[in-house]
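Chains as they are written, first to last, in this note's numbering: chain X, 7 to 366; chain W, 7 to 366.
Below, the structure written as structure tokens:
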């Protein structure tokens with residue numbers, strides 16, 4: 007399907023036309039114009055508010071995987087000890103990436119649908135003495151929102167650099183980069199910001215910049231050339247003015263709504279989604295309700311159905327949801343209610359279709 | 007300036023509204039939809055026609071520097087011998103990138119405004135025995151179109167892999183990837199295709215793929231994960247459907263016009279531009295007219311002017327042209343007449359303004 011009548015994929019989300027209209031301006035050259043750099047700085051400032059940080063924020067052209075790889079390649083050295091907190095594909099993947107860079111990686115794996123054990127974390131911090139701890143805030147493929155705030159003090163105390171992927175949570179739920187001591191934080195445009203998948207955001211603490219200086223990694227995805235690039239008006243490549251203009255509309259709209267209001271909207275829609283799911287006799291993947299993400303709900307594929315059948319039946323009604331990946335492929339389906347899709351009416355329509363399809 | 011009344015920057019070029027309108031569709035998920043992969047394959051097919059190649063074509067999300075770095079990192083090994091043909095900033099830069107990857111780099115530098123000496127090339131191919139030869143087709147910062155077709159047989163015979171940046175020439179002038187034996191070819195969206203700077207294109211020969219397999223480089227910008235990714239319907243990251251839809255409109259429009267007609271349009275506009283420049287008593291940077299690119303005209307900043315003054319005066323009339331970089335910064339200004347800007351009326355308007363400003 008080119009477009010969805012009922013878009014409930016957990017990103018890329020439906021992009022409101024009022025944001026897409028930014029692409030209708032025939033912008034000049036982002037290499038040359040002060041207007042562009044002013045816009046970029048404004049976006050960085052707005053992102054700082056949303057992420058509760060005084061750390062530097064860089065906005066790069068390209069998809070979120072870009073900053074993920076770029077951040078790790080720029081700060082992890084071979085032989086660095088990396089502790090990867092994993093309760094899903096992305097958490098595990100962060101460890102694998104670090105491993106492929108020559109780091110010594112230890113994983114803390116959680117039980118199905120749960121978060122890692124804090125006692126094990128404490129033990130590993132003491133015995134393994136990691137240089138890095140990696141974690142995912144919203145583990146999208148399993149619909150889990152991990153309690154980063156709760157484990158943050160322990161990691162801060164350990165002195166390790168803390169790298170957190172909040173791609174599918176930030177702007178839909180509280181992310182406190184400074185309070186939680188997040189040294190490297192990652193955000194994409196196509197999730198709660200309701201934009202195209204054309205921009206990537208990275209927050210970097212001073213400690214993280216110092217690590218990047220030590221590693222001195224170079225290449226398209228290196229972070230160092232982005233440092234203060236807007237002040238020098240010299241980007242490592244031609245930036246995407248249109249995408250930044252759309253991002254500006256999205257960030258402003260979010261702050262006009264009010265962050266707390268956006269979080270409440272996400273929470274209420276998620277609660278509504280879960281209550282309908284439970285009424286239908288379906289089972290959440292999350293073991294505890296407090297781990298269920300307000301941005302995406304992961305549900306076990308019901309008995310008697312395959313994911314393919316369910317997907318096909320929903321699509322016949324113009325509804326698109328997500329499947330999952332890795333170990334959860336075929337076992338879990340996901341309802342994305344983030345950003346523009348954190349909309350009670352939309353999710354109601356979707357749940358009505360799901361109910362109808364399951365009762366047929 | 008946010009928008010230009012008279013856009014003559016040598017890329018990013020003015021994007022016609024009929025292409026930008028592609029961003030108004032609320033596309034579904036490019037991770038999931040066959041419709042997206044069909045579009046991607048169609049674009050790859052259209053690009054093959056435009057580039058005259060049967061080699062594989064990958065389209066990545068992000069700016070053209072992405073594929074440039076990605077292609078080199080994916081195929082160049084430390085100690086590889088790389089011969090960089092340079093008559094400008096970009097040609098030299100390709101060598102520097104290879105050098106930073108640990109390659110042994112030798113440069114052939116051309117005299118100001120000229121192309122390299124073919125006898126020197128022949129000698130170096132025999133004595134240095136490069137694994138790689140890098141070249142730039144349109145050396146944008148100096149407005150030169152290098153005779154890649156003429157030196158191609160020599161490079162083919164040497165057995166070196168041939169890497170050519172045709173970012174600012176392809177679609178505006180003839181590029182013959184297969185005939186010229188180009189193993190790695192690079193194209194961006196924001197030049198002759200008249201699109202946003204959001205997509206990068208890479209052509210790879212079978213020899214180049216084998217080199218990539220040997221190097222086995224990994225990361226966001228690695229080329230291997232893109233190989234046949236559209237057949238597996240598994241992209242290394244969420245692709246940009248909107249940008250691909252816009253690219254489709256641009257590629258179709260180009261083939262409707264006819265490639266030969268597009269080349270003629272570029273040639274005629276460039277000739278007109280140069281004749282006006284010469285009437286004004288200004289001097290081209292290109293030493294020989296056959297080296298002057300049909301996509302961008304580089305002109306020496308006239309006596310009695312600084313680049314800053316000239317730029318400011320033109321901007322007061324709503325006209326934007328390009329300065330230059332490196333050794334040519336402040337010495338050369340550039341009129342970009344590529345893609346949508348290869349338009350006689352537009353360039354006429356621009357030349358009238360330039361004349362008026364210079365005569366004031």
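Cβ coordinates follow ideal geometry from the N, Cα and C atoms, glycine included.
* residue 42/W and residue 232/W look like a contact to me (Cβ under 8 Å); what is the Cβ gap, rounded to whole Å? -> No, residue 42/W and residue 232/W are not in contact; Cβ-Cβ is about 15 Å, not under 8 Å.
* Excluding the five sequence neighbours on either side, which residues of its own chain have a C-beta within less than 8 Å of the C-beta of residue 124/X, listed in chain order? -> 156, 157, 160
* Test: residue 49/X CB closer than 8 Å to a CB of chain W -> no
* **Contact set between residue 1/W and chain X, taken where Cβ atoms lie within less than 7 Å** => Absent from the model: residue 1/W. The displayed extent of chain W is 7 to 366, so no value can be given.
* To do: Work out the CA separation of residue 101/X and residue 290/X for me, nearest whole Å.
  => 26 Å
* When we look at the beta-carbon of residue 80/X and count the other beta-carbons within 10 Å, is it buried (16 or more) or exposed? -> buried
* Asked: What in chain X is Cβ-close to residue 326/W, meaning under 8 Å?
  -> 34, 35, 38
* Hey, which unbroken runs of the alpha helix (DSSP H) at 4 residues or more fall wholly within the region 120-178 of chain X? -> 124-133, 154-164
* **Residue of 260/X, 66/X, 50/X, 55/X minimising C-alpha distance to residue 244/X** => 66/X
* Asked: By DSSP, does residue 115/W sit in helix, in strand, or in coil?
  -> strand
* **For residue 71/W and residue 242/X, believed in contact at Cβ under 8 Å, the rounded distance** => 7 Å
* **Beta bridge counterpart(s) of residue 210/X as assigned by DSSP** => 62/X, 190/X
* Range of the contiguous beta strand (DSSP E) that encloses residue 90/W -> 87-92
* Please decide whether residue 160/W counts as near chain X, where near means a Cβ-Cβ distance under 8 Å. => no
* Thinking C-alpha only, which one of 176/X, 120/X, 133/X, 93/X is nearest residue 141/X? -> 93/X
* To do: Spell out a yes or no on whether the region 33-47 of chain X and the region 44-51 of chain W are touching, meaning 3 or more CB-CB pairs, one atom from each, closer than 8 Å.
  => no
* Examine chain W for any beta-carbon lying closer than 8 Å to the beta-carbon of residue 21/X, and answer yes or no. => yes
* Extent of the continuous beta strand (DSSP E) to which residue 340/X belongs -> 338-342
* Taking residue 90/X and residue 111/X to be in contact with their CB atoms under 8 Å, please state how far apart those CB atoms are, rounded to whole angstroms. => 6 Å
* Asked: Short check: CB of residue 363/X to CB of residue 320/X, under 8 Å?
  -> yes
* In DSSP terms, what residue 328/X is bridged to -> 340/X
* According to DSSP, is residue 244/X helix, strand or coil? -> coil
* To do: Pick helix, strand or coil for residue 221/X, following the three-state DSSP scheme.
  => helix
* Can you name, in chain order, every residue of its own chain whose Cβ lies under 7 Å from the Cβ of residue 300/W, other than the five neighbours on each side? -> 151, 178, 179, 272, 273, 276
* Amino acids of chain X, ordered along the chain, whose beta-carbon sits closer than 9 Å to that of residue 26/W -> 29, 30, 31, 32, 248
* To do: Please confirm if residue 43/W has its CB atom under 8 Å from at least one CB of chain X.
  => no
* C-alpha gap between residue 108/X and residue 212/X, whole angstroms -> 24 Å
* **Beta bridge counterpart(s) of residue 304/W as assigned by DSSP** => 340/W
* So the alpha helix (DSSP H) residue 49/W belongs to, where does it begin and stop? -> 40-57
* Report whether the distance from the Cβ of residue 226/X to the nearest heavy atom of the ligand GDP is below 7 Å. => Ligands in the displayed structure: none, and consequently the ligand GDP is not present.
* To do: Determine which residues of the region 119-142 of chain X have a Cβ less than 8 Å from any Cβ of chain W, and write them out in chain order.
  => none
* Asked: Got a sec: which bits of the region 179-206 of chain W sit with their beta carbon under 7 Å from any beta carbon on chain X, in order along the chain?
  -> 196, 202, 203, 204
* Compare the C-beta of residue 226/X against all C-beta atoms of chain W and say whether one is closer than 8 Å. => yes
* To do: Tell me whether residue 297/X is buried or exposed, calling it buried when 16 or more other Cβ atoms sit within 10 Å of its Cβ.
  => buried
* **Beta-carbon proximity of residue 282/W to residue 149/W, cut-off 8 Å** => no
* Asked: In three-state DSSP terms, what is residue 316/X?
  -> helix
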